[in-house]
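J.: Residue numbers (the working numbering), protein chains in the order written: chain G, 1 to 263; chain W, 1 to 293. No residue lacks a Cβ here, since even glycine has one placed at the ideal position from N, Cα and C.
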Amino acid sequence: MAILSANKVSVRYPGQDRPALSEVSLDIGPDDLTVALGPSGCGKTTLLNLFAGFVQPDGGEVRFGDDRVTGPGADRAVVFQHDALLPWLSVRDNVAFGLRLQGVAKAERLARAEEVLRLVDLPEAGNRYSWQLSGGQRQRVGIARALASHSQVLLMDEPFGALDAFTREQMQELLLKVWQQARRRIFLITHDIEEALFLATELVLMSPGPGRIVETLRLGFSQRYRAGESARAIKSDPAFIALREQLLATLFDHRRQAEEIAA
Amino acid sequence: MNALEHTLEQKLADVAVGKAVPDELPAAPLAARTAWWQQYRRGWLSLISLLAVLGGWWGLSHSGMVPPLFLPAPEAVLAKLITVSTQGFMDATLWQHLAASLQRIVLALLAAVLLGIPLGVLMGVSPVARGLLDPLIEAYRPVPPLAYLPLIVIWFGIGELSKVLLIFLAVLAPVIIATSHGVAQVSRNRLRAAQTLGASRSQLLWFVILPEALPEILTGIRIGLGTGWSTLVAAELVAATRGLGFMVQSAAQFLVTDVVILGIAVIAVIAFALELGLRLLQRRLAPWHGQLD
């Protein structure tokens, strides 16, 4: 399968003196769950928007396999933090929406929607509406919608950022289950260090001023979860905690440097 | 806007009831006595104020202080309702007057919706269209229809076209403004989500933009209908032979005050019914309105 890659991409927004992203390169392979972690202003949202095709780079290029990414497309589905479901459609029609746009027959797309809703543990919710659901349920519908179409990549824009801590943990576990079963590569951005460490097979640490990648780590905590270990056991493992503190220290270091340069 | 007013009013009413009443009366019998009142409080209050106006009217007209020429008794107006609807006034029955007015309103509304929604969408999605059209609409919208009525008569004569055109212009501006506002406010995430699911530009319009703007569009139509009704009388000043506005006008010239009051009441009832119908439609078509995350 093709690789989704950013090659030395730079983005500068009008009216800002520092680039939002400066010469960032990143490959997302077929089996990766890549997580970009960083404070606000580090360019992680811009990077996701580049992969999605919402933003065009001022320098460098984004490629998906042999093709240059020039706009949004059905091969790269996006899960947003909020406000992205269509409230006038039932949950089932929301999930089947992408297939409807592509002209898939009604019976087939509704069957597919039911299948995906079962995958995200919402088998009973098909007839309900997004405004009747809780925040966590809405995010599951968002994930189901992204899975229902035949995208090869899931781009997730702080998908659990608006959820309470308990729901957030449940959703992280659900995501790993879905990732395993749906066999879809994922690029997820977050500012939650635990979430990043727990989910990522590849962790990209980003820092602001200008936005760039400062460290890349390959991690195995999600494999341990898939092998049957409990999420709490993994997150309270001394190795996990040590890494968490180390990442925090690195982030603070970069922040101090950026502030010194700015001053 | 309306929902906001409603909830605010409701909250204030709840505070008033919850704070003031239990202090004066024991709780249990109060609950039993006020359950029916609580449930339909707004309806009861509306009924009380209507009955108070009717009672005042009845009392005043029977006191002998005001001659019937200025204020006919309620029962005289009611009797007039029967004669006007069966025998007619100025060569047409009440129903024929009503039909003439409704036809003008409906034609004007249809034309305003058919032209206003596409123009509003265009202004909502294209800054160029907004730049071109906005000054035109904002220039004519605040002008009272009576002010440009003479010009319309000079250009289009005194026929049916001028009357419908005047009402049409009154309905058009609110429809365009509400539509463009609704379209411009469509959530960027919803548009982007639809794009990543493979939506083309026209699919974005039909499946995302128009449904999301629908509640605003309906609000625009509601406001437009309100201004349309208020323009009706002005429109029917010009060489009309039928219509509720014409009926009221000519009755006033002959000092038939009971027909004047009857006409005003019919206009009020119809306008109110249309408003309620549109609110109901809005709730049916857009139950999510005001409930989004």
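Within the 8 Å Cβ cut-off, does G:GLN102 reach chain W?
T.: It does: the Cβ of G:GLN102 has a partner Cβ on chain W nearer than 8 Å.
J.: For W:TRP288, return the contacting residues in chain G, with the cut-off set at a CB-CB distance below 7 Å.
T.: PRO87, TRP88, TYR129, TRP131, listed in chain order.
J.: Answer with yes or no whether the minimum CB distance from W:LEU25 to chain G is below 8 Å.
T.: Confidence at W:LEU25 is low in this model, with a pLDDT of 44, below 50, so its placement is unreliable and the value that follows should be read with caution. It does not; no Cβ of chain G falls within 8 Å.
J.: Is the shortest distance between the beta-carbon of G:SER149 and the beta-carbons of chain W less than 8 Å?
T.: It does; some Cβ of chain W falls within 8 Å.
J.: Whose CA, out of G:VAL62, G:VAL141, G:SER134, lies closest to the CA of G:ASP93?
T.: Of G:VAL62, G:VAL141, G:SER134, the residue nearest in Cα terms is G:VAL141.
J.: Helix or strand or just coil, what does DSSP make of G:ASN7?
T.: In this structure, G:ASN7 counts as strand in the three-state DSSP scheme.
J.: Verify whether the separation of the beta carbon atoms of G:ARG76 and G:ALA96 is less than 8 Å.
T.: In this structure, G:ALA96 does not lie closer than 8 Å to G:ARG76 by Cβ.
J.: Examine chain W for any beta-carbon lying closer than 8 Å to the beta-carbon of G:GLY161, and answer yes or no.
T.: Not closer than 8 Å to any Cβ of chain W, the Cβ of G:GLY161 fails to qualify, so no.
J.: Based on Cα-Cα distance, which residue from W:MET247, W:GLN203, W:LEU165 lies nearest to W:ALA92?
T.: Of the listed residues, the one whose Cα sits closest to W:ALA92 is W:MET247.
J.: Counting along the chain, where does the alpha helix (DSSP H) carrying G:GLY245 start and finish?
T.: Going by the sequence as given, residue 245 of chain G is Glu instead of Gly. 238 to 262 is the extent of the alpha helix (DSSP H) around G:GLU245.
J.: How is W:ALA173 classed by DSSP in three states: helix, strand or coil?
T.: Helix, per DSSP.
J.: Check whether the Cβ atoms of W:SER101 and W:LEU244 lie closer than 8 Å to each other.
T.: It is a contact, given that the beta carbons lie within the stated cut-off.
J.: My output table needs one value for G:ASP27: the three-state DSSP class, helix, strand or coil.
T.: The answer is strand: DSSP assigns G:ASP27 an E or B state.
J.: Let me know the secondary structure DSSP gives G:MET156 once reduced to three states.
T.: Residue state, collapsed to three classes: strand.
J.: Just how far apart, CA to CA, sit W:LYS11 and W:ARG42?
T.: Any reading at W:LYS11 must be qualified, since the residue scores a pLDDT of 49, below 50, and its modelled position is unreliable; the value itself is stated next. Rounded to the nearest angstrom, the two C-alpha atoms are 13 Å apart.
J.: When we look at the beta-carbon of W:PRO144 and count the other beta-carbons within 10 Å, is it buried (16 or more) or exposed?
T.: So W:PRO144 ends up on the exposed side.
J.: Taking Cβ-Cβ distances shorter than 7 Å, what residues in chain W pair up with G:PHE54?
T.: Chain W residues near G:PHE54: ARG192.
J.: Alpha carbon to alpha carbon, what distance is there between G:GLU215 and G:GLY209?
T.: Going from the Cα of G:GLY209 to the Cα of G:GLU215 covers about 15 Å.
J.: Looking only at its chain, what residues have a beta carbon closer than 8 Å to the beta carbon of W:LEU214, apart from the 5 residues adjacent to it on each side?
T.: Result list for W:LEU214: GLY182, LEU285, ALA286, in chain order.
J.: Between G:LEU251, G:LEU174, G:LEU217, which lies nearest to G:TYR225 when the distance is taken from Cα to Cα?
T.: Nearest C-alpha to G:TYR225: G:LEU174.
J.: Closest Cβ-Cβ distance between G:ARG76 and chain W: below 8 Å?
T.: Chain W, which has a Cβ nearer than 8 Å to the Cβ of G:ARG76, makes this yes.
J.: How big is the Cα-Cα spacing for W:ALA35 and G:GLN132?
T.: About 29 Å.
J.: Kindly say whether W:GLN282, judged by its beta-carbon, lies nearer than 8 Å to any beta-carbon of chain G.
T.: W:GLN282 does not count as touching chain G.
J.: Count the other C-beta atoms from every protein chain shown that fall within 10 angstroms of the C-beta of G:TYR129, then say buried if there are 16 or more, exposed otherwise.
T.: Classification of G:TYR129: buried, given that the 10 Å Cβ count is 16 or more.
J.: Does the Cβ-Cβ distance between G:VAL79 and G:ALA146 come in under 8 Å?
T.: Their beta carbons are under 8 Å apart, which means G:VAL79 touches G:ALA146 by this criterion.
J.: Less than 6 Å between C-beta atoms, sequence neighbours within five positions excluded: which residues of the same chain meet that for W:ALA235?
T.: These residues qualify, in order along the chain: LYS163, LEU166, ILE167.
J.: Compare the C-beta of W:ALA108 with all C-beta atoms of chain G and state if any pair is closer than 8 Å.
T.: Taking Cβ atoms only, chain G never reaches closer than 8 Å to W:ALA108, which makes this a no.
J.: Starting from W:THR93, trace the alpha helix (DSSP H) both ways and give me its first and last residue.
T.: From DSSP, W:THR93 is part of no alpha helix (DSSP H); its letter is neither H nor E.
J.: Under the DSSP definition of a beta bridge, which residues are partnered with G:PHE187?
T.: DSSP, once it has assigned bridges, lists G:THR34, G:LEU155 as partnering G:PHE187.
J.: CA-CA distance, W:LEU47 and G:PHE54?
T.: Taking the straight line from one Cα to the other gives about 56 Å.
J.: To test your reading of the DSSP string, which unbroken alpha helix (DSSP H) runs of 4 or more residues are found completely within the region 257 to 291 of chain W?
T.: Listed in chain order, the complete alpha helix (DSSP H) runs (minimum 4 residues) inside the region 257 to 291 of chain W are 257 to 285.
J.: Considering Cα atoms alone, identify which of G:ILE261, G:GLU245, G:GLN180, G:THR34 is closest to G:ALA227.
T.: G:ALA227 has its Cα closest to that of G:GLN180, out of G:ILE261, G:GLU245, G:GLN180, G:THR34.
J.: With distances taken from CA atoms, which of G:ALA239, G:PRO238, G:ARG232, G:ASP192 is nearest G:LEU251?
T.: Comparing Cα positions, the closest option is G:ASP192.
J.: If we cut at 8 Å on Cβ distances, does W:ALA199 have a partner in chain G?
T.: For W:ALA199, the answer is yes, since a Cβ of chain G falls inside 8 Å of its Cβ.
J.: Which two residues bound the contiguous alpha helix (DSSP H) that contains G:SER90?
T.: That residue, G:SER90, is in no alpha helix (DSSP H); it is neither H nor E in DSSP.
J.: My output table needs one value for G:SER230: the three-state DSSP class, helix, strand or coil.
T.: Of the three classes helix, strand and coil, the one that applies to G:SER230 here is coil, per DSSP.
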